[in-house]
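Chemist: The sequence shown: position 193 = 199 (our numbering), numbered continuously. All C-beta atoms in this analysis are idealised placements derived from N, C-alpha and C, irrespective of residue type, glycine included. The structure under discussion is supplied below as structure tokens; questions concerning it will follow.
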Amino acid sequence: MSSLPDVVRLLPSFDAERLQADLESVKAHFIGHANPTKAYSDEGDAGGWGMLPLRIPGGDPDRVGQTNGGREEFADTPYMKSTPYIREILDSLRVPLRGVRLSAHEAGAVVQEHIDRPYGLEIGWVRLHIPIQTNDRAVFFVNGKPNRWKPGEFWYANIVRPHRLINEGDERRIHLLIDCYISKELFELFPEADRVGIKDEDVIFYQQEQPLPEELSGLSGTLRMPASFINQFPDDPSEAQWHAEDQPEVEGKLEVQDGRIVLWAAGRGMAFAHLGNSEFRPLCWSKERTMTLDSRDGRAWATFRCRRGSKVVETARQQPLLQGVTLPTR
Numbered sequence: 007m008s009s010l011p012d013v014v015r016l017l018p019s020f021d022a023e024r025l026q027a028d029l030e031s032v033k034a035h036f037i038g039h040a041n042p043t044k045a046y047s048d049e050g051d052a053g054g055w056g057m058l059p060l061r062i063p064g065g066d067p068d069r070v071g072q073t074n075g076g077r078e079e080f081a082d083t084p085y086m087k088s089t090p091y092i093r094e095i096l097d098s099l100r101v102p103l104r105g106v107r108l109s110a111h112e113a114g115a116v117v118q119e120h121i122d123r124p125y126g127l128e129i130g131w132v133r134l135h136i137p138i139q140t141n142d143r144a145v146f147f148v149n150g151k152p153n154r155w156k157p158g159e160f161w162y163a164n165i166v167r168p169h170r171l172i173n174e175g176d177e178r179r180i181h182l183l184i185d186c187y188i189s190k191e192l193f194e195l196f197p198e199a200d201r202v203g204i205k206d207e208d209v210i211f212y213q214q215e216q217p218l219p220e221e222l223s224g225l226s227g228t229l230r231m232p233a234s235f236i237n238q239f240p241d242d243p244s245e246a247q248w249h250a251e252d253q254p255e256v257e258g259k260l261e262v263q264d265g266r267i268v269l270w271a272a273g274r275g276m277a278f279a280h281l282g283n284s285e286f287r288p289l290c291w292s293k294e295r296t297m298t299l300d301s302r303d304g305r306a307w308a309t310f311r312c313r314r315g316s317k318v319v320e321t322a323r324q325q326p327l328l329q330g331v332t333l334p335t336r
């Protein structure tokens, strides 16, 4: 499997003074981190860890940390209008964006060692850092190695590796965190020596959503799926896990809303982006998880896939209760 180094300094750098000016315009609006769990601090609270959301699902900063139901795409929050240089930087990168936020750690803050999943080339998105305010005693450890980054530098860090943070300095450490999908343009930000060994087949590249075809606009009914399709797997799921005969079947109501199919199951709705040829991925996700609808001998079927780089596992279910459309023949 192709991989990048744990930490890479990226090719562009940015104007530290303009970044600081953007920070000044919004610094009064920081909130506590949305995931205040004991995994991140000794006290079991945010531990001096604050954030300001610039781009989140739905774009409403008042809903940080709340489920969005899986029916809203990533969108800028109103704070993005107050950070014009950050907006300029994001546009210049030419990469498809997921979430973007300012992350602040107060003097004395400690973030305990942890890993963040799912991230990585084989999943379809990564995290980038731009320090804005920091000090020599603010240290970010990745896989046990210390990193002290300067304002205006641009860095990639593999946060699937164990990482932790200490800020023993006298001022806040504030980074711009950019979560982005993977594209060819993303790799142009990396020094050639760090990307030369990356094989396309090991990467899930971003695929743009396509309009839902007219012939699928009347899709409705009950969808049957294996529980594995809606489970998150920290490690690659095996064929046995994906096909397990004893796993429960999950049923949900399928309908079309605002040009997307929406699956209602377990009390929540999940929208799917159409990728073409009746293949769908969950909204705000990559092709790590997809569903393809087709017709076999006049009967509706759905094929559920999980991709991790070049590895693909899949299973199919007949769908006797889908109605309202004629599906493409497999």
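1) Out of Leu225, Lys317 and Ile129, which one is the CA nearest neighbour of Gly330?
2) Quick test of the definition: if touching needs 3 or more C-beta pairs under 8 Å, does the stretch 175 to 185 touch the stretch 207 to 215?
3) In the DSSP assignment, find the unbroken alpha helix (DSSP H) run with Leu29 in it and report its ends.
4) Is it the case that the stretch 88 to 107 contacts the stretch 296 to 311, given that we only count it when at least three CB pairs across the two stretches are under 8 Å?
5) Leaving out five residues before and five after Leu333 in sequence, what residues of the same chain have Cβ atoms less than 7 Å from its Cβ?
6) Could you please give the first and the last residue of the uninterrupted alpha helix (DSSP H) stretch that includes Arg93?
7) Counting pairs of Cβ atoms below 8 Å between the stretch 155 to 171 and the stretch 12 to 28, do you hit three or more?
8) Does Ala233 pass the burial test, meaning 16 or more other C-beta atoms within 10 Å, or should it be called exposed?
9) Give the straight-line distance between the Cα atoms of Arg154 and Asn173, rounded to the nearest whole angstrom.
10) At the level of alpha carbons, what is the spacing between Val13 and Glu221?
11) In this structure, does DSSP put Arg143 in helix, strand or coil?
12) If we ignore side chains and look at the alpha-carbon of each, how far apart do Ser316 and Pro124 end up?
13) To the nearest angstrom, report how far apart Leu108 and Val256 are at their CA atoms.
14) Straight-line CA distance for Lys259 to Tyr187?
15) Classify Thr335 as buried or exposed, calling it buried when 16 or more other Cβ atoms lie within 10 Å of its own Cβ.
16) So, Gly175 versus Leu328, is the Cβ gap smaller than 8 Å?
17) Between the alpha carbons of Val111 and Val145, how many angstroms are there, rounded?
18) Mind the definition here: the stretch 210 to 219 touches the stretch 270 to 280 only if three or more C-beta pairs lie below 8 Å; say whether that holds.
19) Going by the DSSP bridge assignment, what does Lys259 pair with across the sheet?
20) Tell me the rounded alpha-carbon separation between Gly130 and Gln139.
Modeler: According to the structure shown:
1) Leu225
2) no
3) Ala22 to Val32
4) no
5) Ser284, Leu299, Asp300, Ser301 and Ala306
6) Pro90 to Leu99
7) yes
8) exposed
9) 11 Å
10) 47 Å
11) coil
12) Cα to Cα, the separation comes out at about 16 Å.
13) 38 Å
14) 29 Å
15) exposed
16) no
17) For the sequence presented, residue 111 should be read as His rather than Val. Cα to Cα, His111 sits roughly 11 Å from Val145.
18) yes
19) Thr228 and Trp270
20) 29 Å
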